[in-house]
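Residue numbers (our numbering): 3 to 261.
Below you can see the structure in the form of structure tokens.
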């Protein structure tokens, strides 16, 4: 078994597992095809998004509920922090990121407020500074949702290239799976789930030019068979409220498939 994580803290915890069958790799799952041969893997599970320790530990900068440095990097050895990016990015880029990755309808107003604070020498450096700034702009809130939720999601996804990694990881997984092996992907918000759903659907059908006289038995085999999707039960959500938005989609690689 090979386990991938960008987070050095997660790697340190995983390395305490004493099992010679387990290999821990400090890298993104997007790079999994660098660690295994094509059609050599019996199954792949992608568990997307952030972990509970990342949310719960204030110094990681992922949560607007606890004050901490506005970091948001999964790999703290690489790249700009969210605070550093907000200090440099244009208002247009901040608007684009918050709108694209957070689906936030107040993206323009939030970006404008961030840039205004920056021009005063008060660019947000901590999670609560940013959350307070967003709350001053977002006058309406969704039931049960903090006004800063979508902005924090957007910055986190952008800083960590989560959607780009997901697209690369899905392609790599299809290449690595043995015929008959299964891919399971757990997503936690609509942007992730949309990418997963569209990828599975695209590889579960075969495109044949319209009007071409081909019999069903002569059609090429699609790469994947979609097995289905699973959502957490009410009992599971009671035990683990953070699972409430999870969706797991499962597909199986076909024998003789065109990947």
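Quick reminder that beta carbons are idealized off the backbone N, C-alpha and C, glycines included.
Through-space distance from residue 233 to residue 168, alpha-carbon basis
Looking at the two C-alpha atoms, the distance is approximately 20 Å.
Using a Cβ-Cβ cut-off of 7 Å (strictly less than) and excluding sequence neighbours within five positions of residue 128, which residues of its own chain qualify?
Closer than 7 Å at the Cβ level, and outside the excluded window around residue 128, lie 69, 70, 71 and 72.
Have a look at the DSSP bridge pairing and note the partners of residue 43.
Answer is 179, bridged to residue 43.
Straight-line CA distance for residue 165 to residue 86?
One C-alpha to the other measures close to 21 Å.
For residue 6, which beta-bridge partners are listed by DSSP?
Bridge partners of residue 6: 27.
Selected residue, minimal CA-CA separation from residue 7, among 104, 83, 52 and 147:
It is 52.
Alpha carbon to alpha carbon, how far is residue 21 from residue 238?
Here the C-alpha atom of residue 21 lies approximately 29 Å from the C-alpha atom of residue 238.
Helix, strand or coil, according to DSSP, for residue 231 in the structure here?
Strand.
For residue 130 and residue 201, the rounded distance between their alpha carbons
About 37 Å.
contact_flag[the stretch 109-121, the stretch 131-142] where n(CB pairs < 8 Å) is 3 or more
Yes: at least three Cβ pairs fall under 8 Å.
Tell whether a beta-carbon distance below 8 Å holds between residue 143 and residue 149.
Taking 8 Å as the Cβ cut-off, residue 143 and residue 149 qualify as a contacting pair.
Should residue 154 and residue 31 be called a contact, given that it needs their Cβ atoms to be closer than 8 Å?
No, they are not a contact pair.
Contact check, residue 24 vs residue 188, beta carbons under 8 Å
Taking 8 Å as the cut-off, the Cβ atoms of residue 24 and residue 188 do not count as close.
Please go through the same chain and pick out, in chain order, the residues whose beta-carbon is closer than 6 Å to the beta-carbon of residue 156, but skip the five residues on each side of it.
The answer, listed in chain order, is 99, 100, 103 and 104.
For residue 76 and residue 175, I'd like the C-alpha separation in whole angstroms.
The C-alpha of residue 175 is placed about 21 Å away from the C-alpha of residue 76.
Beta strand (DSSP E) segment containing residue 253, residue limits:
Taken as a continuous stretch (DSSP letters only), the beta strand (DSSP E) holding residue 253 covers 249-255.
Got a sec, what are the start and stop residues for the alpha helix (DSSP H) residue 205 sits in?
Note, residue 205: alpha helix (DSSP H), 192-205.
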